[in-house]
Amino acid sequence: MPLAVCGHSNSSNGSHFQVKEFILMGLPGIHSWQHWLSLPLALLYLSSIGANLLIFITIWKDPKLHQPMYRFLSILSIVDMGLATTITPKILAIFWFDAKAVSLPECFAQIYAIHCFVGMESGIFLCMAFDRYMAICHPLRYPTIVTDSFVFKATVFMVLRNGLGVIPVPVLAAQRDYCSSNEIEHCLCSNLGVTSLACDDRRPNSICQMILASLIMGVDLTLIILSYVLILWSVLKLNSAEAASKALSTCSSHLILILFFYTVIAVIFVTHLAGRKYPLIPVLFNVLHNIIPPALNPIVYAFRTQDLRLGFQKVFLPGKKSR
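Counting along the sequence shown from 1, when you hit position 254 you're at 254 in UniProt numbering, and nothing is skipped either side.
Spelled out as structure tokens, the structure:
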């Protein structure tokens, strides 16, 4: 059914219909064979949940990993699992069971959850950047400033900032008038994709999303860049090349994830401008941005952080002696 209605009201222009559900069509242009993508998507989701769960349990059970940097990493694991679970099961349901229908409240709830989790991930990256800045630039003050209490307060602040700050996005989307088509050329309820179906002016939604992106992720990225500029400046002043290399190596995993996270966001923004001509590209990047980082983050840290590998071995392979 191309259009679902829940009622009508008379106006000077005639009958007015209101959509009661949206239809998520999937990936534009490849509807006939998009189900073949379900296997790699399911494997990505399972690997994301499994790897992040292993990292969380390892950090929780190994006392040597009860440090601020690893505590932030464990929080990032929870956020990644939440982000992946917010969208992947519904996409798999579309691919496997043709379950394309989604109610308006469910769709607006997904918009809220996606914005909240993505903002949380950006905020945790900022906390981790501050942790590395203090550890490298102010090592003597680090133990007294970056404490367990600081980690707790920073986490609570990020939860409140993103939990409350993104509320206007789904609220404004819910206030739009959806009176024509209810088919969304997407695998998930994105704010711009949903509001593009509105019969009234959707500019408030676009402006609100742009302002929030600037205030939340823009500020986070600016402070992250500032932190690493100061770190680089501090490292360059070290007389020992070995000490400089060691200092930078502690930041490498974090930098890889940050570069990937924000680069994909920039690509999504650019491809969205060309979305009318190539609609598949922005949709595909949007989906991948919400699925790949949760699977990539634990792999990067596991391979590049020796303490984490030793902790995993200690927790899950206690009989095997490390070299």
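Built from N, CA and C at the ideal position, the CB exists for glycine as well.
Could you tell me the alpha carbon to alpha carbon distance between Q34 and E183, rounded to whole angstroms?
Cα-Cα distance, rounded: 17 Å.
I'd like to check one pair, R176 with T195: are the Cβ atoms closer than 8 Å? Cβ distance < 8 Å, so T195 and R176 count as in contact.
Check your understanding: Considering only the beta carbon of each residue, do I87 and I114 sit closer than 8 Å?
Key -> Between I87 and I114, the C-beta gap is smaller than 8 Å, which places the two residues in contact.
Discussion item. I'd like to confirm the pairing. Which residues does DSSP put opposite E183 in its beta bridges?
Written reply: BP columns for E183 point to I23.
- A109 - containing alpha helix (DSSP H), residue span: A109 -> alpha helix (DSSP H) spans 104-137.
Helix, strand or coil for A99? Go by DSSP, reduced to three states.
DSSP places A99 in coil when its eight states are reduced to three.
Selected residue, minimal CA-CA separation from I75, among P105, A174, M128: For I75, the nearest C-alpha among the options comes from M128.
**Prompt:** Quick one: what does DSSP say Y178 is sitting in, helix, strand or coil?
**Reply:** Y178: coil per DSSP, three-state reduction.
Practice problem: Enumerate in chain order the residues of its own chain whose CB-to-CB distance from R304 is below 7 Å, with the five nearest sequence positions on each side excluded. | Solution: Around R304: S252, S253.
Near A109, what residues of its chain come up, given a Cβ to Cβ distance below 8 Å and the 5 sequence neighbours on each side ignored?
Closer than 8 Å at the Cβ level, and outside the excluded window around A109, lie P170.
Q. Would N239 be called buried (16 or more neighbouring beta carbons within 10 Å of its own) or exposed?
A. Exposure of N239 is indicated by the presence of fewer than 16 other C-beta atoms within 10 angstroms of its C-beta.
- The alpha helix (DSSP H) spanning T195 covers which residue range? Unbroken alpha helix (DSSP H) run through T195: 191-195.
So, do the segment 185-192 and the segment 286-303 have three or more beta carbon pairs nearer to each other than 8 Å?
-> Flag = yes, the segment 185-192 and the segment 286-303 touch.
| task | Give a single yes or no on whether F312 has its beta carbon closer than 7 Å to a heavy atom of the ligand MN. | result | In the structure shown, the ligand MN is absent, as is every other ligand, since no ligand is present at all.
Check: Should V235 and A247 be called a contact, given that it needs their Cβ atoms to be closer than 8 Å?
Finding: Closer than 8 Å, so yes.
I'd like to know whether the C-beta atoms of I216 and N297 end up nearer to each other than 8 Å. Against a cut-off of 8 Å, the Cβ pair of N297 and I216 comes out as no contact.
Can you confirm whether the segment 35-42 touches the segment 89-100 when touching is taken to mean that 3 or more C-beta pairs between the two stretches lie within less than 8 Å? They touch, by the three-pair rule.
| message | Cutting at 7 Å between CB atoms, please list the residues of its own chain near D62, excluding the five before and the five after it. | response | Closer than 7 Å at the Cβ level, and outside the excluded window around D62, lie G311, K314, V315.
Report task. Report back the beta-carbon spacing between V300 and I256 to the nearest angstrom; my notes put them in contact at under 8 Å. Result -> Rounded, the Cβ-Cβ distance is 5 Å, consistent with contact.
Residue from G123, L192, I145 with nearest C-alpha to P279 = Ranking G123, L192, I145 by Cα distance to P279 puts L192 first.
query = Comparing alpha-carbon positions, which option in Q306, I292, A244 lies nearest L46?
reply = Of the candidates Q306, I292, A244, I292 places its Cα closest to the Cα of L46.
* Asked: Quick one: Cα of D131 to Cα of P143, how far?
  -> Using only the alpha carbons, I get a separation of about 10 Å.
My assumption, with CB atoms under 8 Å, is that M134 sits in contact with I124. Please give the rounded CB distance. That belief does not hold up - the Cβ atoms of M134 and I124 are roughly 16 Å apart, past 8 Å.
Practice task
Look at the alpha carbon of F152 and the alpha carbon of R71, and state the distance between them as a whole number of angstroms.
Solution key: F152 and R71: Cα-Cα distance of roughly 9 Å.
Do the CB positions of L223 and L164 come within less than 8 Å of each other? Judged by beta-carbon spacing, L164 lies beyond the 8 Å limit of L223, meaning their Cβ atoms are not closer than that value.
Margin query: Given this structure, state the Cα-to-Cα distance separating I55 from K237, to the nearest angstrom.
Written below: Whole-angstrom Cα-Cα distance: 34 Å.
- Query: Under the rule that 16 or more other beta-carbon atoms within 10 Å means buried, what is S245, buried or exposed?
  - Reply: Classified as exposed, S245 has fewer than 16 neighbouring CB atoms from the shown chains inside 10 Å of its CB.
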